[in-house]
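A short write-up of the structure that comes next.
Residue numbers (my numbering): 44 to 350.
Pasting the structure below:
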C-alpha cells in the first residue's frame, strides 16, 4: 500500500491535475483513486480556497438583469401574438421597442453566464471571453460618444429621420405607440420638429382624401395637460392643426421632440455624464477582476507543473 502511495506521489508531481482527473476514473481501484484525489487537491486551482466573491458579483448582476430583460421582451411578444406568428416580425413598419429588451437582455445574459461559470469553475477561456467582450462593449461606447460629439448635426438628422419613420408606423404597433406617447408627454413635444410632422401618418394627415376622424389632428400625448383633469381626454388633439398657430399653442405642444431632447441633455448634462462614467468604471472594474483571476489561475497551474 505504501508503495502505491509513492507511485501516486510521483505521478502527482509530474502530471498536470487535469490529466490525472481524466486518467484515474478509468482505474478499477477506488482506494488508489481516493488517495490520488487527496494528493492532487492541494495543487488544483480553486480546491484549497473558495472562489472569490468579487469576480462573481458583476457577472451575477448582469445575468439576473439579462434574464429580466429577456422575460419582459418575450412577454411583450407573447401579448402581441408574435410568438405564435413569427412572420409578423417583418410586418412592423417602425422600430419595435421589444427588440431593445431582447438584444440587451441576450447580450447581458451571455456575458453574465460566461463570467459566472468562468469564475466558479476557474475557466480561463470563459473569463477571457468575459473580459474581452466587456472591453469591446466599452470601446464601442467610447467610440459612439466621441462620434456623437463630432458629428452632432448628422446625429440630429438621423434622429429626425428615426422619429418621422416611426410617426408613419404609429398605429402599427402598440409598444411603439406607447413609446412615442411617453416621449411626447415627458419632453412636452410634438413630432420631430413640430406638430405638422404628423402629416406623415395616414390617420393624421390633412389631405382631402383622408377619411379618418383624426384628420388634421395629433395624438393625445401632444396635448397640454390640465391639472384639474383626472381622466385623459384621448380626443383632445382632434382637428387641432386646422386651427391657427395661436390657437394651437393653447391646446398642444408646439416644439418638436428633437430640440426638446437637446435642451434636456443640456439641462441634465451632469447627471447623464455621471451615469455614463459610472457604467464605464463598472466595466473597467469587471475587466480588471477577470484578468486578475485569470493570472491567479495560470500562476497556480504553473506552480503545480513545476512542483
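From the three backbone atoms N, C-alpha and C, an ideal C-beta is built for every residue, glycine too.
- The beta carbon of residue 291 lies closer than 8 Å to those of 238, 283, 284 and 297 in the same chain, with the five residues before and after it left out.
- If you check the CB distance, residue 240 and residue 141 do not come in under 8 Å.
- Residue ranges of uninterrupted beta strand (DSSP E) with 3 or more members are absent from the stretch 223-247; none lies entirely inside it.
- Here residue 109 really is in contact with residue 148; their C-beta atoms are around 5 Å apart, less than 8 Å.
- Residue environment analysis places residue 152 among the buried positions, since at least 16 neighbouring C-beta atoms fall within 10 angstroms of its C-beta.
- Within its own chain, the residues whose Cβ lies closer than 8 Å to the Cβ of residue 113, once the five positions on either side in sequence are excluded, are 144, 145, 148, 149 and 152, listed in chain order.
- Contact between residue 232 and residue 334 is ruled out by a C-beta separation of about 45 Å, above the 8 Å threshold.
- In summary, residue 300 is buried, with 16 or more beta-carbon neighbours lying within 10 Å of its beta-carbon over all protein chains present.
- Ranked by how close their Cα comes to the Cα of residue 326, the residues 200, 173 and 165 have 173 in first place.
- Per the DSSP secondary-structure output, residue 295 pairs in a beta bridge with 266.
- Pairwise C-beta distances place the stretch 176-189 out of contact with the stretch 199-215, as fewer than three of them are shorter than 8 Å.
- Taking the CA atoms as reference points, residue 216 sits about 29 Å from residue 106.
- Of the other Cβ atoms in all chains shown, 16 or more fall within 10 Å of the Cβ of residue 264; this residue is therefore buried.
- According to the DSSP assignment, residue 251 belongs to no alpha helix (DSSP H), since it is labelled neither H nor E.
- Residue 332 has its alpha-carbon roughly 21 Å from the corresponding atom of residue 346.
- By the Cβ neighbour-count rule, residue 165 is buried, with 16 or more other Cβ atoms within 10 Å of its own.
- With 16 or more neighbouring CB atoms inside 10 Å of its own CB, residue 227 falls in the buried class.
- Between the alpha carbons of residue 273 and residue 281 lies a gap of roughly 20 Å.
- The continuous alpha helix (DSSP H) containing residue 200 extends over residues 195-211.
- Straight-line measurement puts the Cα of residue 248 at about 23 Å from the Cα of residue 139.
- Here residue 261 is buried: its Cβ has 16 or more other Cβ atoms, across all protein chains shown, within 10 Å.
- Residue 313 and residue 307 have their C-alpha atoms spaced approximately 11 Å apart.
- A buried status is given to residue 154, since no fewer than 16 other beta-carbon atoms sit within 10 Å of its beta-carbon.
- In the DSSP assignment, residue 335 falls within the unbroken alpha helix (DSSP H) covering 312-348.
- In its chain, beyond the 5 residues on either side, 263 and 266 have a beta carbon closer than 8 Å to the beta carbon of residue 276.
- Measuring C-alpha to C-alpha distances from residue 323 to each of 170, 186 and 119 identifies 186 as the nearest.
- Excluding the 5 residues flanking it on each side, residue 319 has same chain C-beta neighbours closer than 8 Å at 184 and 188, in chain order.
- Residue 330 and residue 177 have their C-alpha atoms some 7 Å from each other.
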